[in-house]
Amino acid sequence: IPNLVNTVSGAANFEKSTLVEVTNARASVGRVQLDPNKAPTDSAQIQQFQAAQGQLSNALSRLLVVVERYPELRANQNFVGLQAQLEGTENRISVERGNFNTAVQNYNTTVRSFPTNLIAGMFGFASRPFFTAEPGAERPPAVNFNFGSPAPSAAPTGTP
């Protein structure tokens, strides 16, 4: 992502607001800290993390629209790696969401099962929330590398 931002920055100086949004979204994702060794106890913290992830996804979608306006980016080595980077990023996010939800499910099952539910209740262990994606997040953003035509919409148009 940083190399893509640098590439687009050089080609689209007037699109600085989009680049600032991507940079700020990346920073906000980095500020939300979830300890992978512990189930989060604060559902607000999980919601904050999910919101930061959503902002980053939206900013990246806008960045890709900017990239589509500049055919010369296709020849740039940084852009050539974009497709692989996006695919790898989506896969890693999907795997980690699954790992997180599996850990939460195992924890919740343990906390609710007899006899551990007795001990859990005495010491204040409670069920934890699952990571849930925002509506529409199950569909990856449309990325069109055909610079001669506009990118297809990720949302259905409602016409057959």
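So the sequence shown is numbered by my numbering: it starts at 51 and just counts up by one. C-beta atoms are modelled at their ideal positions from N, C-alpha and C, and glycine is treated no differently.
Query	Result
Evaluate Arg178 with the Cβ neighbour count: other Cβ atoms within 10 Å of its Cβ, from every protein chain shown; 16 or more gives buried, anything less gives exposed.	buried
Using CA atoms only, rank isn't needed, just tell me which of Arg142, Gln103, Gly174 is closest to Pro182.	Checking the sequence shown, residue 182 turns out to be Thr, not Pro. Comparing Cα-Cα distances from Thr182 to each of Arg142, Gln103, Gly174, the minimum goes to Gln103.
Would DSSP call Ser107 helix, strand or coil?	helix
Buried or exposed, going by whether 16 or more other CB atoms sit within 10 Å of the CB of Ala109?	buried
Identify, in the order they occur along the chain, each residue of the same chain with its Cβ nearer than 8 Å to the Cβ of Ile143, setting aside the five sequence neighbours on each side.	Gln103
Would you decide whether Ala75 is buried or exposed? Buried here means 16 or more other CB atoms lie within 10 Å of its CB.	buried
Does the beta-carbon distance from Val154 to Ala176 come in below 8 Å?	no
Taking DSSP as the reference, what is the three-state secondary structure of Thr182?	coil
To the nearest angstrom, how far is it from the Cα of Ile169 to the Cα of Glu146?	29 Å
Could you tell me whether the Cβ atoms of Val72 and Leu113 are closer together than 8 Å?	yes
Could you tell me whether the Cβ atoms of Glu184 and Gln98 are closer together than 8 Å?	no
Taking the alpha carbon of Leu136 as the reference point, which residue from Thr166, Ser107, Gly171 has its own alpha carbon closest?	Ser107
Given this structure, state the Cα-to-Cα distance separating Thr159 from Asn141, to the nearest angstrom.	27 Å
Does Phe173 come out as helix, strand or coil in the three-state DSSP assignment?	coil
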